[in-house]
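If you count by this note's numbering, then the sequence shown holds residues 228 to 436, one letter each, in order. Reading through the structure tokens given below for one structure.
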Amino acid sequence: MGKVIVLDHPLIQHKLTYIRDRNTGTKDFRELVDEVSMLMAFEITRDLSLRDETVETPLGETKTQVLDGKKIGLIPILRAGLGMVDGMLNLLPAAKVGHVGLYRDPETLLPTEYYIKLPSDISERELIVLDPMLATGGSANDAIESLKKRGAQNIRLMCLVAAPEGVELIQKQHPDVNIYLAALDEKLNEHGYIYPGLGDAGDRLFGTK
Ligand code: PRP
Ligand code: URA
228 MGKVIVLDHP
238 LIQHKLTYIR
248 DRNTGTKDFR
258 ELVDEVSMLM
268 AFEITRDLSL
278 RDETVETPLG
288 ETKTQVLDGK
298 KIGLIPILRA
308 GLGMVDGMLN
318 LLPAAKVGHV
328 GLYRDPETLL
338 PTEYYIKLPS
348 DISERELIVL
358 DPMLATGGSA
368 NDAIESLKKR
378 GAQNIRLMCL
388 VAAPEGVELI
398 QKQHPDVNIY
408 LAALDEKLNE
418 HGYIYPGLGD
428 AGDRLFGTK
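Shown next as structure tokens:
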């Protein structure tokens, strides 16, 4: 079964508090999501592999290390996942970015895919699916299925806030996928929103409500 890793770094938790706060406006919300994503990138890349390298410092030769693993691909789920891309790219500037467009029907809560554009070599990349919210898990589940159908082999899922229902679905359907979160919340409410959550991530990021 995939692991669930809650990133409890104090800076992540501090910023998440203001992301949750209903009084935080669009500009600050966007900046905070960007900052938390960068901090999460730092933690999620902790296990990337290194190889030895030799360099000449101004004083002499030394053995040191550089990254040696698979190349990274960032896969934001539109729209709200877009808010996490720049923060990740600050630490992973060479990553390629693929997009999966999904929207959740407000009545049925079922996701519909409306767009997909991926790097051609996703099968060779370590993919990080980005979405601030893992609620029922339907959207992330569909996105991961779509990636696997197109050859993806290594996938991680990174969300700000999750409900237990969403985590369970991904663990059941995709036991090979580890889930990285800033918080695991209490439940889904009767409208399929994460409680206490942070509201509608897309609307808060883009100011559409
Ligand atoms: C939100 C969110 C996730 C999805 C989570 O997107 O960004 O993609 O809902 O819910 P689920 O786990 O129950 O599928 P939404 O469909 O509202 O689209 P948007 O990002 O375009 O606002
Ligand atoms: N989508 C959101 O943006 N927020 C939720 O709480 C659930 C789904």
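Backbone N, C-alpha and C fix where the C-beta goes; we use that ideal spot for every residue, glycine too.
In chain order, the residues that have a beta carbon nearer than 5 Å to some heavy atom of ligand 2 are Met-360, Ala-362, Tyr-420, Ile-421, Gly-424, Asp-427, Ala-428.
Sixteen is the threshold: when 16 or more other Cβ atoms of the shown chains lie within 10 Å of the Cβ of Val-260, as they do, the residue is buried. With contacts defined by Cβ atoms closer than 8 Å, Ile-302 and Ile-355 form a contacting pair. Ala-389 carries a strand assignment under DSSP once its states are collapsed to helix, strand and coil. Residue pairing by DSSP puts Lys-290 in a beta bridge opposite Thr-281. Beta-bridge analysis with DSSP links Ile-406 to Val-231, Leu-384. According to the DSSP assignment, Arg-331 belongs to the beta strand (DSSP E) that extends over 326 to 331. Of all C-beta pairs linking the segment 323 to 341 to the segment 380 to 399, fewer than three are shorter than 8 Å, placing the two stretches out of contact.
Annotated as distal: Pro-346 and Gly-364, with beta-carbon spacing of 8 Å or more. Counting along the chain, the unbroken beta strand (DSSP E) around Tyr-341 starts and ends at 338 to 344. Contact between Ala-367 and Leu-361 holds, with the beta-carbon distance rounding to 6 Å and staying under 8 Å. In terms of side-chain proximity, the C-beta atom of Arg-331 is found nearer than 7 Å to a non-hydrogen atom of ligand 1. Of Asn-416, Asp-235, Leu-384, the smallest CA-CA separation from Met-311 is found for Leu-384. Residue Gly-328 holds the alpha-carbon nearest to the alpha-carbon of Leu-374 among Leu-266, Thr-291, Gly-328. In the DSSP assignment, Gly-378 falls outside any beta strand (DSSP E) and carries neither an H nor an E. Closer than 7 Å to some heavy atom of ligand 1: that describes the Cβ of Ala-367. When the beta-carbon positions are compared, Ile-406 and Glu-353 stay at least 8 Å from each other.
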